[in-house]
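Structure first, then comments.
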Amino acid sequence: MKHDLMLIFVIAVVTFLTRAIPFFAFSHKKSPLIEYLGKVLPYSIMAMLVVYCLKDINFLSQFHGASEIIAVLSVILLHIYKRNTLISIVGGTIIYMICVQLIFV
Amino acid sequence: MKKIIKEAFVASIPVLMGYIVLGMAFGMLVQAQGYPIYYTLLMSVFIYAGSMQFVTINLLTSGASLISAALMTIFINARHLVYGLSMLDRFKSMGKYKPYMIFSLTDETYSLLVAEKNNDKRYLFFISLFDQCYWVIGSLMGGALGSFIQINTKGLDFAMTALFIVIVLDQYLNSEKHLPTYLGFVISIICLMIFGSTSFIIPSMIGILVSLIGMYKKEGNYEA
Chain A
1 MKHDLMLIFV
11 IAVVTFLTRA
21 IPFFAFSHKK
31 SPLIEYLGKV
41 LPYSIMAMLV
51 VYCLKDINFL
61 SQFHGASEII
71 AVLSVILLHI
81 YKRNTLISIV
91 GGTIIYMICV
101 QLIFV
Chain B
106 MKKIIKEAFV
116 ASIPVLMGYI
126 VLGMAFGMLV
136 QAQGYPIYYT
146 LLMSVFIYAG
156 SMQFVTINLL
166 TSGASLISAA
176 LMTIFINARH
186 LVYGLSMLDR
196 FKSMGKYKPY
206 MIFSLTDETY
216 SLLVAEKNND
226 KRYLFFISLF
236 DQCYWVIGSL
246 MGGALGSFIQ
256 INTKGLDFAM
266 TALFIVIVLD
276 QYLNSEKHLP
286 TYLGFVISII
296 CLMIFGSTSF
306 IIPSMIGILV
316 SLIGMYKKEG
326 NYEA
């Protein structure tokens, strides 16, 4: 019980540290490389997060990841034609839910 | 002020859906392991890191030592080091909100802030605050009513994936140079194939950093 709370405390502190370190480490010097990284990293990282979300698709499974493929394409098409973030997200999610709950079961 | 809060709420709606669902999944899991609900509350308020909290449940049940918990935390949260790098400028003018902005910089909040053009500090603060509220509310709901919920929420967590896809698309459509985006995709897919789905994030980040630094050395003043 006491150990549990200590554990949660340690994890909370270390988590905050991993978030805070860049702000301490790079707050004073203005290196052009760091500035450059701050500019281009978001592009690469967001792409990586998309891969992260889709990492568990199994193309060899029964439906070959059909739900994910359909839903991802829906989001892309909705967004290109409507350019409305909410419509793209809600629409894609509903399509995905229909796929995994009703079609590819 | 009211207008700012309202705009921040609208901007945070994509995360609302994802966090309520993921938070509920987390709360139910804590409950299923027989822990009191205040554990859920403590973790969601003070740790506030989605994947790390799921791992925390394992660390709790296995009675892990404090040191191994700390190491595990560094490993899983290493990606946050990189988030900070791209928020250095953004948070510079956040004043008294800055500590909370750093504390609450989750994957999802990062993705909203990265895409945000409005630089009003109260607006950005409320986006971060709303996101955490959704997470706390979701996890408490999961803990409290877990077994009573009748709606089939299977697949609802795709909202998070959709949010990330939309942000990548917006970045892509609003920028002239696409190399950083391609690098992100290619490197993480290669790492996923080599290292597998549970441990490809760290190698991907190292690969991305190294290749971006390489690009910087080659091009000098590249503008994204």
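Chains A and B supply the protein sequences, listed in that same order.
Residue numbering for the first sequence follows my numbering, starting at 1 and increasing by one per position.
Residue numbering for the second sequence follows my numbering, starting at 106 and increasing by one per position.
Even for Gly, the Cβ is constructed at its ideal location relative to N, Cα and C.
Predicted, not measured: the structure shown is a model, and the values here were computed from it.
message = At the level of alpha carbons, what is the spacing between residue 297 (chain B) and residue 288 (chain B)?
response = What you label residue 297 (chain B) is simply residue 192 of the second sequence in a count that begins at 1. What you label residue 288 (chain B) is simply residue 183 of the second sequence in a count that begins at 1. C-alpha separation (whole angstroms): 14 Å.
Determine, using beta carbons only, whether residue 260 (chain B) and residue 62 (chain A) come nearer to each other than 8 Å. Taking the second sequence and counting its residues from 1, one reaches residue 260 (chain B) at position 155. Taking the first sequence and counting its residues from 1, one reaches residue 62 (chain A) at position 62. No, the Cβ-Cβ distance between residue 260 (chain B) and residue 62 (chain A) is not below 8 Å.
- [ ] Using 7 Å as the cut-off, classify the Cβ of residue 240 (chain B) as near or not near the heavy atoms of the ligand ATP, replying yes or no.
- [x] Absence of the ligand ATP is noted for the structure shown, with no ligands found whatsoever.
Using the beta-carbon count (16 or more within 10 Å), is residue 143 (chain B) buried or exposed?
Your numbering for residue 143 (chain B) matches position 38 in the second sequence. So residue 143 (chain B) counts as exposed.
Practice task
Please work out which residues of its chain come closer than 7 Å, Cβ to Cβ, to residue 70 (chain A), disregarding the five sequence neighbours upstream and downstream, and give them in chain order.
Solution key: Locating residue 70 (chain A) in the first sequence gives position 70, where the first residue counts as 1. Same-chain partners within the cutoff: 95 and 99.
Q | Buried or exposed by the 16-neighbour rule on C-beta atoms within 10 Å, applied to residue 81 (chain A) | A | If you number the first sequence from 1, residue 81 (chain A) lands on position 81. Residue 81 (chain A) counts as exposed, since fewer than 16 other C-beta atoms from the protein chains shown sit within 10 angstroms of its C-beta.
Around the Cβ of residue 303 (chain B), are there at least 16 other Cβ atoms within 10 angstroms (buried) or fewer (exposed)? Position 198 of the second sequence, counting from 1, holds the residue named residue 303 (chain B). Exposed is the call here.
Determine the chain A residues that contact residue 332 (chain B) at a beta-carbon separation under 8 Å, and present them in chain order.
-> Chain B is shown from 106 up to 329; residue 332 (chain B) falls before or after that span and cannot be answered.
* Helix or strand or just coil, what does DSSP make of residue 303 (chain B)? -> For the purposes of this step, residue 303 (chain B) is taken as residue 198 along the second sequence, with counting starting at 1. For residue 303 (chain B), the three-state secondary structure derived from DSSP is coil.
Q: In the DSSP assignment, find the unbroken alpha helix (DSSP H) run with residue 182 (chain B) in it and report its ends.
A: Locating residue 182 (chain B) in the second sequence gives position 77, counting from the first residue. First-last of the alpha helix (DSSP H) with residue 182 (chain B): 171–182.
Next item on the list: Compare the beta carbon distance of residue 272 (chain B) and residue 216 (chain B) with 8 Å and say whether it is the shorter of the two.
Entry: Here residue 272 (chain B) refers to the residue found at position 167 when the second sequence is read from its first residue. Here residue 216 (chain B) refers to the residue found at position 111 when the second sequence is read from its first residue. A distance below 8 Å separates the beta carbons of residue 272 (chain B) and residue 216 (chain B).
Q. When the cut-off is 8 Å and only beta carbons count, does residue 309 (chain B) lie next to chain A?
A. Counted from its first residue, the second sequence places residue 309 (chain B) at position 204. By this cut-off, residue 309 (chain B) is an interface position.
Check your understanding: Mapping DSSP to helix, strand and coil, what is residue 163 (chain B)?
Key -> One-based indexing of the second sequence puts residue 163 (chain B) at position 58. It is helical.
Query raised in the report: Taking one C-beta from the region 182–196 of chain B and one from the region 14–33 of chain A each time, how about it: are there three or more such pairs within less than 8 Å?
Result: Short answer: they touch.
List the residues of chain A that residue 244 (chain B) touches, going by C-beta distances under 8 Å, in chain order. As a working mapping, residue 244 (chain B) is identified with position 139 in the second sequence. Near residue 244 (chain B) there are no residues of chain A at all, since even the closest Cβ is about 13 Å away, more than 8 Å.
*Considering residue 168 (chain B), what are the terminal residues of the alpha helix (DSSP H) in which it resides?*
Indexing the second sequence from 1 puts residue 168 (chain B) at position 63. Counting along the chain, residue 168 (chain B) falls outside any alpha helix (DSSP H), and DSSP gives it neither H nor E.
I need the straight-line Cα distance from residue 88 (chain A) to residue 49 (chain A), nearest angstrom please. Counted from its first residue, the first sequence places residue 88 (chain A) at position 88. Counted from its first residue, the first sequence places residue 49 (chain A) at position 49. For residue 88 (chain A) and residue 49 (chain A), the gap between their C-alpha atoms comes out near 18 Å.
- Buried or exposed by the 16-neighbour rule on C-beta atoms within 10 Å, applied to residue 185 (chain B): Here residue 185 (chain B) corresponds to residue number 80 of the second sequence, with the count starting at 1. Taking a 10 Å sphere around the C-beta of residue 185 (chain B), we find 16 or more other C-beta atoms and assign the residue as buried.
Q.
Tell me which residues of the region 48–71 of chain A have at least one Cβ-Cβ distance to chain B shorter than 7 Å, keeping chain order.
A. Within the region 48–71 of chain A, the qualifying residues are 48, 49, 50, 51, 52, 53, 54, 55, 56 and 71.
- request: Leaving aside the five residues before and after residue 265 (chain B) along the sequence, list all residues of the same chain whose C-beta is less than 6 Å from its C-beta, in chain order.
  value: For the purposes of this step, residue 265 (chain B) is taken as the residue at position 160 of the second sequence. These residues qualify, in order along the chain: 123.
query = DSSP on residue 311 (chain B), reduced to helix/strand/coil?
reply = In the second sequence, counting from the first residue as 1, residue 311 (chain B) sits at position 206. It is helical.
Leaving out five residues on either side along the sequence, give the residues of the same chain with a beta carbon under 8 Å from the beta carbon of residue 329 (chain B). Along the second sequence, one-based indexing puts residue 329 (chain B) at 224. Only weak support exists for where residue 329 (chain B) lies, its pLDDT of 46 falling under 50; the value from the coordinates is given anyway. Cβ neighbours of residue 329 (chain B) within its own chain (closer than 8 Å, five residues either side excluded): 280, 282 and 285.
Exercise. CB residue 155 (chain B) to CB residue 127 (chain B), shorter than 8 Å?
Worked result: Translated into positions along the second sequence, residue 155 (chain B) becomes position 50. Translated into positions along the second sequence, residue 127 (chain B) becomes position 22. A contact, by the Cβ cut-off of 8 Å.
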